[in-house]
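Following: one structure in structure tokens, then a few remarks.
In my numbering, the protein residues as written are 436 to 768.
This is how it looks when you write it as structure tokens:
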């Protein structure tokens, strides 16, 4: 005799997370953005592992298709901050690094290293090598003597000893890292790649953010403004926090809940030729002063100036200070 599956005679209760998938996916006329409170609740369920994998995939891709709002990003960030319990560490700059570089070397790493030598306390964080063909910060930490920290205590020690610390996202927000790692399963980057740039988990004086895709910079600035953070958002080279000296840069800033904008003209009169390959040893050679190369010189000086602008200096002061820091750097590496 064949055993047939039992019939469903009673309507099962709806999963608590289903409402959020429905809000985003109810068709052209019925779908809408999540409110800030809804976003906070939805992300809370995700972070507390109270969501089915099918719901997670649907939620991330619906958000990606719709394009996330400033209110949603603020709500998501609040949910994470409510669940984090980091120690009270003094940090000047929150420096997310999630994109990787493919056209130029990551000169922003030398910029951060030089700033740290001059008393600027920088917390860097990243999500690992998730896209082929790119060079990621994590792959160069040892080469450039940047401390890799796996817990908050190590971060505090690194900041006190050298002013610069890198901590992988997986060590302080593993649920978000899991969502980022779905990139090659879902076939698309999820909004978590963008969210990670806003988080500023240690409450740094200024958060630096790089968003490559046009239109998203203002959304990120508005989200940080809603959170009461000081932040500068740019379209950095390759998606990293690095000024491209061959192009004009628009700074999207927020301070004390007030938005501001600033245009920085390109530094180079002539576009540089992209290097044939990315050799990490070239980073060390430039740091030591063994070679003279105009593109990295312009890129790292202007990136340092960007950071100093975020800490309150004017553009002119920032460039002057950045040059002074670079000229006086400890060249050992």
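Ideal Cβ placement from N, Cα and C applies to all residues, glycine included.
DSSP beta-bridge partners of residue i
| i | result |
| --- | --- |
| residue 687 | 668, 696 |
| residue 583 | 601 |
| residue 570 | 536 |
Nearest-angstrom Cβ-Cβ length linking residue i and residue j, presumed shorter than 8 Å
| i | j | result |
| --- | --- | --- |
| residue 505 | residue 661 | 6 Å |
| residue 753 | residue 744 | 5 Å |
| residue 667 | residue 641 | 7 Å |
| residue 499 | residue 623 | 6 Å |
| residue 710 | residue 578 | No, residue 710 and residue 578 are not in contact; Cβ-Cβ is about 17 Å, not under 8 Å. |
| residue 495 | residue 617 | 7 Å |
| residue 703 | residue 733 | 6 Å |
| residue 737 | residue 678 | 4 Å |
| residue 591 | residue 522 | 6 Å |
| residue 739 | residue 550 | 6 Å |
Continuous alpha helix (DSSP H) stretch holding residue i: start and end
| i | result |
| --- | --- |
| residue 682 | It is not in any alpha helix (DSSP H) - residue 682 carries neither H nor E in the DSSP assignment. |
| residue 455 | 453-460 |
| residue 479 | 471-482 |
| residue 633 | Segment: none, residue 633 is in no alpha helix (DSSP H) and carries neither H nor E. |
| residue 735 | 729-745 |
| residue 715 | 715-723 |
| residue 468 | No alpha helix (DSSP H) holds residue 468; DSSP gives it neither H nor E. |
| residue 765 | Taken as a continuous stretch (DSSP letters only), residue 765 belongs to no alpha helix (DSSP H), as it is neither H nor E. |
Proximal residues to residue i (C-beta, below 8 Å), its chain only, five neighbours per side dropped
| i | result |
| --- | --- |
| residue 694 | 656, 657, 660, 687, 688 |
| residue 629 | 503, 508, 646, 651, 655 |
| residue 554 | 598 |
| residue 619 | 565 |
| residue 490 | 450, 452, 453, 456 |
| residue 380 | The requested residue 380 is not part of the displayed model; the chain covers only 436 to 768. |
| residue 621 | 492, 495, 496 |
| residue 758 | 736 |
Contact set for residue i: own chain, Cβ-Cβ below 7 Å, skip 5 residues either direction
| i | result |
| --- | --- |
| residue 608 | 515 |
| residue 606 | 585, 586 |
| residue 674 | 534, 645, 647 |
| residue 682 | 701 |
| residue 728 | 721 |
| residue 631 | 531, 533, 562, 604, 611 |
| residue 468 | 504, 506, 507 |
Sequence-distant residues of the same chain with beta carbon closer than 6 Å to residue i, five excluded per side
| i | result |
| --- | --- |
| residue 722 | 545, 768 |
| residue 692 | 660 |
| residue 571 | 535, 564 |
| residue 414 | Residue 414 cannot be examined here, being either before or after the span of the chain that is shown, 436 to 768. |
| residue 510 | 471, 474, 475 |
| residue 582 | 593, 600 |
| residue 627 | 611, 614, 615 |
| residue 478 | 511, 514 |
| residue 671 | 645, 677 |
| residue 697 | 686 |
Cβ of residue i within 9 Å of any chain D Cβ
| i | result |
| --- | --- |
| residue 618 | Given the protein chain composition of this structure (a single chain), no chain D is represented. |
Length-filtered (4 minimum) alpha helix (DSSP H) runs lying within the segment 592-622: Runs of the alpha helix (DSSP H) inside the segment 592-622: 604-607, 609-616, 618-621.
Contained alpha helix (DSSP H) runs [length at least 4] in the segment 641-667, N- to C-terminal order: Counting only runs of 4 or more, we get 651-661.
Runs of alpha helix (DSSP H) lying entirely within the segment 484-560, each at least 4 residues, in chain order: You should have 488-501, 505-518, 543-552.
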